[in-house]
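Number of protein chains: 2
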Amino acid sequence: MTIPAGPALTVDCVVFDAEDRLLLIRRRNEPFKGHYALPGGFVDIGETVETAARRELKEETSVEAGGLRLIGVYSDPHRDPRGHVVSVAYRIETEGHAPRAGDDAAAAAFVPDWEGLDLAFDHRSIVADAVSRRAPCG
Amino acid sequence: MTIPAGPALTVDCVVFDAEDRLLLIRRRNEPFKGHYALPGGFVDIGETVETAARRELKEETSVEAGGLRLIGVYSDPHRDPRGHVVSVAYRIETEGHAPRAGDDAAAAAFVPDWEGLDLAFDHRSIVADAVSRRAPCG
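These protein sequences, in sequence, are chains A and B. Count along the first sequence starting at 1, add 209, and that's the number in this note's numbering. Count along the second sequence starting at 1, add 209, and that's the number in this note's numbering.
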C-alpha cells in the first residue's frame, strides 16, 4: 500500500518566561502576515515533531528549547487558509534566553499583555489549553 | 507560501474492555501483514484527527468510539517502513460492542494476553504509554 495524500503537519510552541510573558512572533509572510503568532512551522520529513518544535523555535526566535510537554493536536480542516494543516502544540521550558527574530518571523519578543491580542490561526485556543493544563493534575 | 512535503499522518486507537482486554486487529496488508496491531489508519484531508480515529475504529472493528483522550504523538522517522508516518494515538472509551473485522483488518478481537504479543510498528510503546497514563494524575 502506498501512502495516501493527507493533511500537512506543523508544530507550535508555547513558551512563557518567569514573568508569565508569552513568546510571540510577528509573521513575516502570508497568511496572517504582520499578526502575532506562536513560533512554529512545518515538520520536515525525517525529523520528529519534538525536533521540529525545537528547530522552529530556534530559527524564528533564537530561543533554545528545554523540556517539552504535549499540549494537544489541532486539526480543524479550516484552521489554516492554505489547506488542511494539523498542528502539534508543545509547552516548552527555556532558561532566560533573549528572543531575536529570524526566518519567518519579522519580530520576536516575550509579550506581557498577550491575553487581549488577536493571534494568528487558532493560536488563542492553543495558548488557552496550555494555560488550563498548567496545574499539576491537569 | 505553499505547503511543503512532510510526513504522513495516521491515528491509532487504544481500546480496553471492562476485563482489561485490548482491542487488536490482525493486519490484512503489508507492512506487518498478519501481525497484531492497534486499529488505526491514515487521516483524510478534511477530517479532524479525532474523526479519523472514530472512523478507523469503526471501519476496522465495527466498534463505536465514545470519549477520546490523547495519549501522544509518535513521529520517529523509522517507525513505519513505508516512509515517515506520524501517528496520533488516542485512548478510546467504548460500551460493550462486539468487534467484527472489516477494511484493513483480517480479524478483530479483544485480546486478554496482549502484554506478551509482538505488535506491529511501535504499538507496544503506544499501549505502554496509554497504560502508564491511566492514573487520574498522569
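We put the CB at the ideal spot given by N, CA and C, even for glycine.
Check: Should His244 (chain B) be flagged as near chain C, meaning a C-beta pair shorter than 7 Å?; Outcome: Note that chain C does not occur in the displayed structure, where the protein chains are A and B.
Check: Ends of the alpha helix (DSSP H) at Ser341 (chain B)?; Outcome: His332 to Ser341
Check: Nearest to Tyr328 (chain B) by CA position, among B:Val252, B:Phe241 and B:Asp253, is which residue?; Outcome: According to the sequence as given, residue 328 (chain B) is Leu; it is not Tyr. If we check each option's Cα against that of Leu328 (chain B), B:Phe241 comes out closest.
Check: Using Cβ-Cβ distances below 9 Å, what residues of the segment 234–265 of chain B are close to chain A?; Outcome: Asn238, Glu239, Pro240, Phe251, Val252, Asp253, Ile254, Gly255, Glu256, Thr257, Val258, Glu259, Thr260 and Ala261
Check: Please list, in chain order, all residues of the same chain as Gly347 (chain A) whose beta carbon is under 6 Å from its beta carbon, the five residues on each side excluded.; Outcome: Any reading at Gly347 (chain A) must be qualified, since the residue scores a pLDDT of 33, below 50, and its modelled position is unreliable; no value is offered.
Check: According to the neighbour-count rule (16 or more other Cβ atoms, all chains shown, within 10 Å of its Cβ), is Glu269 (chain A) buried or exposed?; Outcome: buried
Check: Whole angstroms is fine: what's the gap from Thr303 (chain A)'s alpha carbon to Asp221 (chain A)'s?; Outcome: 15 Å
Check: With 7 Å as the threshold, decide whether the Cβ of Ser284 (chain A) is near any Cβ in chain B.; Outcome: yes
Check: DSSP state of Leu326 (chain A), grouped into three classes?; Outcome: coil
Check: Quick test of your reading: Leu277 (chain B) and Ala298 (chain B), contact by CB under 8 Å. State the CB separation rounded to the nearest angstrom.; Outcome: At roughly 10 Å, the Cβ-Cβ gap does not stay under 8 Å, so Leu277 (chain B) and Ala298 (chain B) are not in contact.
Check: According to DSSP, is Leu266 (chain B) helix, strand or coil?; Outcome: helix
Check: Which of the residues in the segment 270–281 of chain A, read from start to end, lie with their CB under 8 Å from any CB of chain B?; Outcome: Leu279 and Gly281
Check: 7 Å is my cut-off, CB to CB: does Pro364 (chain B) come that close to chain A?; Outcome: With chain B covering 210 to 347 only, the question about residue 364 (chain B) has no answer from this structure.
Check: Chain A partners of Gly311 (chain B), CB-CB under 9 Å?; Outcome: Those within 9 Å of Gly311 (chain B) in chain A number zero; the least Cβ separation is about 16 Å.
Check: Using only the alpha-carbon positions, how far apart do Thr211 (chain A) and Asp285 (chain B) sit?; Outcome: 19 Å
Check: Counting only beta-carbon atoms, is Val223 (chain B) nearer than 7 Å to chain A?; Outcome: no
Check: Pull up the CB-CB distance for Arg230 (chain A) and Phe319 (chain A), whole angstroms please, since I reckon it's below 8 Å.; Outcome: 4 Å
Check: Would you tell me roughly how many angstroms separate the C-alpha atoms of Glu228 (chain A) and Gly305 (chain A), rounded to the nearest one?; Outcome: 11 Å
Check: Is Ala344 (chain A) helix, strand or coil by DSSP?; Outcome: Bear in mind that the predicted position of Ala344 (chain A) carries a pLDDT of just 46, short of 50, making it unreliable; the figure below should be weighed with that in mind. The answer is coil: DSSP assigns Ala344 (chain A) none of H, G, I, E or B.
Check: Could you confirm whether any beta carbon from chain A is found closer than 7 Å to the beta carbon of Ile212 (chain B)?; Outcome: yes
Check: Give a yes or no on whether 7 Å exceeds the smallest Cβ distance from Val297 (chain B) to chain A.; Outcome: yes
Check: Name the two residues that bound the continuous beta strand (DSSP E) containing Arg300 (chain B).; Outcome: Val294 to Ile301
Check: So Ile280 (chain B) and Asp338 (chain B) are supposed to be a Cβ contact under 8 Å. How far apart are they, rounded?; Outcome: 5 Å
Check: Specify, as a first and last residue, the run of the beta strand (DSSP E) that Asp285 (chain A) falls within.; Outcome: Looking at the DSSP string, Asp285 (chain A) is not in any beta strand (DSSP E), and its letter there is neither H nor E.
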